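A.B. asks:
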């Protein structure tokens, strides 16, 4: 995918390299990163008297997984909306809100241009386009289609080649997300978890430099959570920066290289997962004293159980593939 | 028997009427707005009226024919930009409110007595003031009448089997049923073969072409059979003869083709995406406002052409293209099936003759003491309204619509 353009030699697929990269970064809120892809300054959004977001400074490191956590109402989604152009900050005056992505200022940029610049987001409430097929959903995600120009659209030969190219790309992405069999089904017929997968796959059609996932695991069953986590990690390994909002602490601990904690609209702490979660301020504000205790519903806490689960999933898949290929042989 | 033939003839005359063709084109435009993009345009008749005025007034003022068409189109495009600019960034309901009132404004301006020198006021612009250039374009003979089907087609048959004779009608009916059944059979067969294929791949082009040609051939035979049962004699040219019908239905064909090419392109895919969820499309880097504006303009341009076709054989009467016209257009669209390509054609061809059928049947079989002939006309609209309600409740996807698509609430 976009490996060549965004991954630096040495790569960040290696956990040790990521650790070394972030080792020198201080755990103060708003600390400077070695190579920030996203920089945010004085971004304020208030609804009437209530200030939903008030972030002084935040930098997001390129090429790693950063997770954004915080209690309900901390302003995480509003913050997402602001930096992706779906909402406008109310801090226009007084120093002014300023944020830049990959060196490009985004203050007055529309949501569409933000996406074109390479920062693509998904939504907390999935926005699968129900009455369109899975394939059509995917094809919409692709940028620079000549056929989307009204004057070129009626003349098929002018865009047929590009169409074939993006269909092939969509197929490979769907295969990766295990949705290829559903390609001609309406997106409305997918389950909640499959819609999350579809939305993520659709966002990847444009080869984004940075992908912002708003609660990708909400309402997804544990087995699928595993594979979603795997997808997010492989995205990072291929050089895409990931920023995501998540409530499940085990998930956050499992995959994030850096954690940013928001409370009441501002960034209260950041740092590597372990450091942040032992920070007394964070524990007080959000996690509660028993955040380390397994409440019995989540196998991710225990590495052994997680491995076992992964093995089971793999075995099941292999089994299914076998029966399928047997079926195919039977029919042909 | 004569009454039945009379009713069928009235239906056929309505079905081939240029006004019906004009409405079909306007429905195609509304399908782009409402069916594909999800824009709730409640003023499609306003676009038609504006196109008709632009066209007729330009001709009346002595501008050349192609310029007049351009003026009509430009008026509709300008109208679309004017209505879309403030409303397309807001929620869908605002467009509905603005379009319905703007369409009424156009109609009332058309009725103004101060402007009657140009628009003819509430009397409308008489056809004689603008039809001349169009009639002069005709390559058919100036006077004289012509019958479909032409006599050469059946003169070899025994005279009892000629078009319009009882034997001919039976023959035509048999051919009609056979052709329609054959076409349906071919289409179903093709669909089944497509289903058996691995998803995503298409049938070979040659096979699709063969089926396509066979189906169009059968439809052509069916149309000829209809005229075999009910031969139609009209002026060749004049203001309301074969010439204007030829042009009107050719325009319908071209509009269907253009609409099909547009909605089956990536551009059409974007429109459907906007219909489903604007924010999702925005998050994928697409300029939603510009696309909605394009859709509004294209659909409005179709309506303007429809309006021009509508007024070609008659007059520009503003009250003919008022609110009720907008609702007829919606009815025809929902009947045929929104977001389908042939739905607008089928819906209009059922809606208009269907209303005539109800009116004529009520006229012929309900005694005057219960319902006078002026009441049967209104009765037909009541029945149409009830049918529309039943349609929306029991078959919301219309005749051609895909039921699977509607299972998912947006």
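Chains as they are written, first to last, in our numbering: chain W, 19 to 350; chain H, 11 to 420.
Just so it is clear, CB atoms sit at the ideal spot from N, CA and C, and this is done for glycine as well.
It should be emphasised that the depicted structure is a prediction, and the values quoted were computed from it without experimental measurement.
(1) Do residue 372 (chain H) and residue 357 (chain H) have their CB atoms nearer than 8 Å?
(2) Residues of chain W with CB closer than 7 Å to the CB of residue 290 (chain H), please, in chain order.
(3) Under 9 Å, CB to CB, which of the residues in the region 209-222 of chain W have a partner in chain H?
(4) Tell me the DSSP secondary structure of residue 172 (chain H) in three-state form.
(5) Please report the residue range of the beta strand (DSSP E) in which residue 226 (chain H) lies.
(6) Is there a Cβ from chain H that is less than 8 Å from the Cβ of residue 171 (chain W)?
(7) Do residue 65 (chain H) and residue 78 (chain H) have their beta-carbon atoms positioned less than 8 Å apart in this structure?
(8) Report the start-end ranges of each alpha helix (DSSP H) in the region 14-86 of chain H that is 4 residues or longer and not cut off at the edges.
(9) With respect to the alpha helix (DSSP H) encompassing residue 335 (chain H), which residues constitute its N-terminal and C-terminal limits?
(10) Between the alpha carbons of residue 11 (chain H) and residue 276 (chain H), how many angstroms are there, rounded?
(11) Could you say which of W:72, W:156 and W:83 lies nearest to residue 39 (chain W) if we only look at CA atoms?
(12) Among the residues of its own chain, which have a CB less than 6 Å from the CB of residue 283 (chain W), if the five just before and after it don't count?
(13) In three-state DSSP terms, what is residue 265 (chain W)?
(14) Among W:239, W:261 and W:174, which has the Cα closest to the Cα of residue 214 (chain W)?
(15) Can you tell me where the beta strand (DSSP E) with residue 323 (chain H) in it begins and where it stops?
(16) Against chain W, does residue 212 (chain H) count as a neighbour if the rule is that its beta carbon must be under 8 Å from one of theirs?
(17) Any C-beta of chain H sitting closer than 8 Å to the C-beta of residue 233 (chain W)?
(18) Taking the alpha carbon of residue 412 (chain H) as the point to measure from, which residue in W:127, W:150 and W:45 has its own alpha carbon closest?
(19) Beta strand (DSSP E) containing residue 287 (chain W): first to last residue?
(20) Does DSSP put residue 252 (chain H) in a helix, in a strand, or in coil?
(21) Need the endpoints of the alpha helix (DSSP H) that residue 107 (chain H) sits in, please.
(22) Classify residue 378 (chain H): buried if its beta carbon has 16 or more other beta carbons within 10 angstroms, exposed otherwise.
(23) Rounded to the nearest angstrom, how far is the Cβ of residue 354 (chain H) from that of residue 37 (chain H), given a contact under 8 Å?
(24) Restricting to runs no shorter than 4 residues, where is the alpha helix (DSSP H) found entirely within the region 265-330 of chain H?
(25) Determine, for residue 159 (chain W), whether the minimum Cβ-Cβ distance to residues of chain H falls below 8 Å.
(26) Under the three-state reduction of DSSP, which class applies to residue 73 (chain W): helix, strand or coil?
(27) Give a yes or no on whether 8 Å exceeds the smallest Cβ distance from residue 279 (chain H) to chain W.
(28) For chain H, check one thing: does any of its Cβ atoms lie closer than 8 Å to the Cβ of residue 130 (chain W)?
(29) Mind listing the chain H neighbours of residue 120 (chain W)? Cutoff is C-beta to C-beta under 8 Å, in chain order.
(30) Please decide whether residue 150 (chain W) counts as near chain H, where near means a Cβ-Cβ distance under 8 Å.
(31) Is residue 57 (chain W) helix, strand or coil when you go by DSSP?
(32) Can you name the residues of chain W whose CB is closer than 7 Å to the CB of residue 271 (chain H)?
(33) Determine, for residue 63 (chain W), whether the minimum Cβ-Cβ distance to residues of chain A falls below 8 Å.
(34) To the nearest angstrom, how far is the alpha carbon of residue 363 (chain H) from that of residue 252 (chain H)?
(35) How would you write the range of the beta strand (DSSP E) that residue 139 (chain W) sits in, first residue to last?
C.D. replies: According to the data block:
(1) no
(2) Within 7 Å Cβ-Cβ: 145 and 147.
(3) 217, 220 and 221
(4) coil
(5) First-last for residue 226 (chain H): 215-239, but that is the alpha helix (DSSP H), not the beta strand (DSSP E).
(6) Yes, because at least one Cβ of chain H sits closer than 8 Å to the Cβ of residue 171 (chain W).
(7) yes
(8) Runs found: 28-40 and 54-70.
(9) In the DSSP assignment, residue 335 (chain H) falls within the unbroken alpha helix (DSSP H) covering 333-346.
(10) Here the alpha carbons of residue 276 (chain H) and residue 11 (chain H) stand approximately 53 Å from one another.
(11) W:83
(12) 69, 70, 71, 72 and 93
(13) coil
(14) W:239
(15) Per DSSP, residue 323 (chain H) belongs to no beta strand (DSSP E) and is neither H nor E.
(16) no
(17) no
(18) W:150
(19) 284-289
(20) helix
(21) 102-121
(22) exposed
(23) 4 Å
(24) 276-286, 288-293 and 298-321
(25) yes
(26) Note: residue 73 (chain W) maps to strand in three-state DSSP.
(27) yes
(28) Put simply, the CB of residue 130 (chain W) is near chain H, with a gap under 8 Å to one of its CB atoms.
(29) Under the 8 Å cutoff, chain H gives no residues; its nearest Cβ is about 15 Å from residue 120 (chain W).
(30) Interface criterion met: the Cβ of residue 150 (chain W) is under 8 Å from a Cβ in chain H.
(31) strand
(32) 172
(33) Among the chains of the structure shown, chain A does not appear; the protein chains present are W and H.
(34) Straight-line spacing of the CA atoms in residue 363 (chain H) and residue 252 (chain H) works out to 19 Å.
(35) 137-139
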